[in-house]
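Peer 1:
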Amino acid sequence: MKNPTRSSDSSSQRHIATLKVVSRLLGHELKSQASGKAITMSRDEVTEIQTTIDLYIEQATKGQKSSGSSAPAAEAQQTRMVGANN
3 MKNPTRSSDS SSQRHIATLK VVSRLLGHEL KSQASGKAIT MSRDEVTEIQ
53 TTIDLYIEQA TKGQKSSGSS APAAEAQQTR MVGANN
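Laid out in structure tokens, this is it:
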């Protein structure tokens with residue numbers, strides 16, 4: 003039988019790793035554009051941040067569902083977020 007604490011720790015580590023990616027990307031942009039108050043980011047960089055946050059939300063939502071949520075089936079369905087190409 004699996005140790006529930008170890009599984010929970012592993013899941014938490016994955017969630018934290020996702021946030022670390024976002025934090026490091028933003029930190030890199032702040033350091034590379036140190037002059038001035040405004041920074042500029044490319045569409046690709048913003049898309050990467052959005053994708054990382056969406057993955058985090060998806061993983062966290064799955065974790066809540068598996069911990070015994072009793073929401074009705076219609077509410078339990080998730081809408082997957084995708085980036086818009088303008």
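Under the working numbering, the residue at position 62 of the sequence shown is numbered 64, and the numbers go up by one with no gaps.
Backbone N, C-alpha and C fix where the C-beta goes; we use that ideal spot for every residue, glycine too.
None of the values given here were measured: they were computed from a predicted structure.
(1) Given a cut-off of 8 Å, decide if residue 66 and residue 17 are closer than it, judged by their beta-carbon atoms.
(2) Under the rule that 16 or more other beta-carbon atoms within 10 Å means buried, what is residue 63, buried or exposed?
(3) Would DSSP call residue 33 helix, strand or coil?
(4) What's the C-alpha gap between residue 32 and residue 12?
(5) How big is the Cα-Cα spacing for residue 19 and residue 34?
Peer 2: So, from the data block:
(1) In the sequence shown, residue 17 corresponds to position 15, counting from 1. In the sequence shown, residue 66 corresponds to position 64, counting from 1. Against a cut-off of 8 Å, the Cβ pair of residue 66 and residue 17 comes out as no contact.
(2) Indexing the sequence shown from 1 puts residue 63 at position 61. Exposed, since its Cβ has fewer than 16 Cβ neighbours within 10 Å.
(3) Locating residue 33 in the sequence shown gives position 31, counting from the first residue. It is helical.
(4) For this step, residue 32 is matched to residue 30 along the sequence shown. For this step, residue 12 is matched to residue 10 along the sequence shown. Rounded to the nearest angstrom, the two C-alpha atoms are 30 Å apart.
(5) By one-based count along the sequence shown, residue 19 stands at place 17. By one-based count along the sequence shown, residue 34 stands at place 32. Cα to Cα, the separation comes out at about 22 Å.
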